[in-house]
Amino acid sequence: MPFWKKTNDSPQTSAPDPAASVDAQPSTAKGRPTPKRSVQEKANRRPLVPDDRRAAAKAARESDKVKRAQAYEGMQRGEEKYLPTRDKGPQRRFIRDWVDARWNLGEFFLPAVFLMFALQFVLVAAQNPAVTTMVVGLMYLMVLAAIIDCVILWVQLRKRLREKFGADRLEKGLLWYSVMRAFQMRRMRMPKPTQAKHGVWPT
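Residues in the sequence shown are numbered from 1 upward in steps of one, following this note's numbering.
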């Protein structure tokens, strides 16, 4: 080998790759490595359904039960937002208060009819046709008296309704509404009477 050609027996070292060094270095933002996107999405994901479904269903049932109890109590008190459509409005409230303030034969009609039916069965078993006929006659007389009482009720009530709300502004179905309430026993009426006793008339 010629003397002018020098040999380099030392190992060759390649220059470091900048891209590789960047990839190898972890991100030290905020003092910790940046998590992967998939890890972040998994951490932020919330279940649509609670883990304990039985507890959630029980809590929902309890909440619905409380709401129904509140609505029923509000309807009994006559609160407007809890009333069904047939009971809403100032005119129907006035009718309820008027009927509740009055002694109506209709509120005694159902107990009287049940009593007469029971008495009739007893008399038929005893084979007493004369008394049985009398009981039937009293039953029909009770029906007639209750109808006449309802007519008087409506005549008086319609006059007051016209004075308070105007003759041309009365709603439909008020006659039937007043008659149905008059034929209900006082303690069974819904909404319940606002006054404990008769004789307290609405203004």
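Virtual Cβ for every residue (Gly too), placed ideally from N, Cα, C.
- Membership of Leu161 in the alpha helix (DSSP H) is indicated by the continuous run 129-165.
- Take Met139, set aside five residues on each side of it, and the residues of its chain with a beta-carbon closer than 6 Å to its own are Met116, in chain order.
- The segment 140-148 and the segment 54-66 do not touch, with fewer than 3 CB-CB distances between them shorter than 8 Å.
- Following the DSSP letters along the chain, one finds Asp64 inside the alpha helix (DSSP H) bounded by residues 53-77.
- 8 Å or more divides the Cβ of Gln91 from the Cβ of Leu157.
- Cys150 places its beta carbon 8 Å or farther from that of Val113.
- One alpha carbon belongs to Lys164, the other to Arg68, and they sit about 34 Å apart.
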